[in-house]
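Just so you know, we're using the numbering used here here: the sequence shown kicks off at 661 and counts up by one.
Where is the CB? At the ideal position from N, CA and C, for every residue including glycine.
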Amino acid sequence: MNVTCRVIEDLLPLYTEQMTSPDSQALVEEHLDTCAACQALYSRLKEPLASIDSNESLPLSSVKSRLQKERTTILWLGVFVVALLALRLFAWLNLPQYLPYREDLFELYQTNSGEIYASLDPSLTAVSTWETIDPDYGTRGLVIEAWTSRWDRLLGRHSQPHKIILSTPDKDYDFFEYANYSGDGQSPVYTLSPRGNTPRIGKAILPRLALNYYLSLAMMISGVSLVLWRILRKKSYAWLLRSIFFLSLSYLIGHLLIKGFGGASYHIVRDLIFIGLAGLLSFGVLSFGYRYLQLKDNI
Numbered sequence: 661m662n663v664t665c666r667v668i669e670d671l672l673p674l675y676t677e678q679m680t681s682p683d684s685q686a687l688v689e690e691h692l693d694t695c696a697a698c699q700a701l702y703s704r705l706k707e708p709l710a711s712i713d714s715n716e717s718l719p720l721s722s723v724k725s726r727l728q729k730e731r732t733t734i735l736w737l738g739v740f741v742v743a744l745l746a747l748r749l750f751a752w753l754n755l756p757q758y759l760p761y762r763e764d765l766f767e768l769y770q771t772n773s774g775e776i777y778a779s780l781d782p783s784l785t786a787v788s789t790w791e792t793i794d795p796d797y798g799t800r801g802l803v804i805e806a807w808t809s810r811w812d813r814l815l816g817r818h819s820q821p822h823k824i825i826l827s828t829p830d831k832d833y834d835f836f837e838y839a840n841y842s843g844d845g846q847s848p849v850y851t852l853s854p855r856g857n858t859p860r861i862g863k864a865i866l867p868r869l870a871l872n873y874y875l876s877l878a879m880m881i882s883g884v885s886l887v888l889w890r891i892l893r894k895k896s897y898a899w900l901l902r903s904i905f906f907l908s909l910s911y912l913i914g915h916l917l918i919k920g921f922g923g924a925s926y927h928i929v930r931d932l933i934f935i936g937l938a939g940l941l942s943f944g945v946l947s948f949g950y951r952y953l954q955l956k957d958n959i
């Protein structure tokens, strides 16, 4: 029986899987004995799928690996973003809010044994003291700082204890001052007396401006490193320039989140700690954000 190759090609897949009838099987085998082209097609159909081209599975594996890296990168990016926002909220809630001086804020009194105490207003939740020397008279004094915070007010906290000791016969001071910090940079100092407790305004405490210098330095470094990174991005050390740029930019972001656009600070150590922590978290955001763009766009 004369059968064309087109008919045999339609039957070969079924014949290979042994799904043809005995008559069709005999017909195919008879044709294969005399047709080299159909024999070649039959040989290819009998080969295992994996042996046809083992590299065909590589693109799928590569896509899976890339998607897994993207998911991991997005996860870490989200962790750093949430941590950064949480730190910003924590810093805002715990920002010291200094109370302006009023007569009932402090009450100084001296005991018969020579000790001097300060009775605190319950609205105060934190008090700090530090020694100072009067440059004109060489006398030694104690400066009192007092503040509260949004967090303390939210929790209903009050000063504990309500009475603190300022001076003893063994450690006496010539005068006591209250630092009346304010947001306008003018912070007069009220000199207090345990006799009559009548304050008088004396010198003023100025905020420290070192954060402005750090801010300017970070801006300069970020600008220079950005230019060098883009120019030398094909070099092997471009990653170092990128890291320097991200670090300096992270400090700028941390400063903006904690201090805003200002740089004056009455407690520079506290501000630097929060700026440093915010900067580290910002560096994580920038690094994983850049990594995600690399995976997504192959930049």
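Across which residues does DSSP place E669 in a beta bridge pair?
As far as DSSP is concerned, E669 takes part in no beta bridge.
Please work out which residues of its chain come closer than 6 Å, Cβ to Cβ, to R810, disregarding the five sequence neighbours upstream and downstream, and give them in chain order.
L753
Since S903 is in the alpha helix (DSSP H), which residue starts that stretch and which ends it?
For S903, the enclosing alpha helix (DSSP H) covers residues A898 to K919.
Does DSSP put K729 in a helix, a strand or coil?
helix
Q954 lies in the beta strand (DSSP E); which residues open and close that run?
Where Q954 is concerned, there is no enclosing beta strand (DSSP E), although the alpha helix (DSSP H) it sits in stretches over I928 to D957.
State the start and end residues of the unbroken alpha helix (DSSP H) segment that holds L765.
Taken as a continuous stretch (DSSP letters only), L765 belongs to no alpha helix (DSSP H), as it is neither H nor E.
Look at I776 and L768 and say whether their C-beta atoms are less than 8 Å apart.
yes
Taking buried to mean at least 16 other C-beta atoms within 10 Å of its own C-beta, is V929 buried or exposed?
exposed
Q699 to S725, Cα distance in whole Å?
40 Å
Counting pairs of Cβ atoms below 8 Å between the region 826-838 and the region 885-899, do you hit three or more?
Under the Cβ criterion (8 Å, minimum of three pairs), the region 826-838 does not count as touching the region 885-899.
L946 and H915: beta carbons closer than 8 Å?
no
Would you identify the three-state DSSP class for T680, choosing helix, strand or coil?
coil
To which residues of the same chain is Y702 closer than 8 Å at the C-beta, ignoring the five residues directly before and after it?
L672, Y675, T676 and L692
DSSP has Y777 in a bridge; who is on the other side?
DSSP links Y777 through a beta bridge to Y769 and I825.
Between which two residues does the beta strand (DSSP E) harbouring A924 extend?
Note, A924: premise wrong, no beta strand (DSSP E); not H, not E.
Where does L674 fall in DSSP's three states?
helix
Measure the alpha-carbon distance for E689 versus E707 and round it to whole angstroms.
18 Å
Select from P867, N840 and G923 the residue whose C-alpha is nearest the C-alpha of P760.
N840
First and last residue of the beta strand (DSSP E) that includes R800?
Per DSSP, R800 belongs to the beta strand (DSSP E) from R800 to T808.
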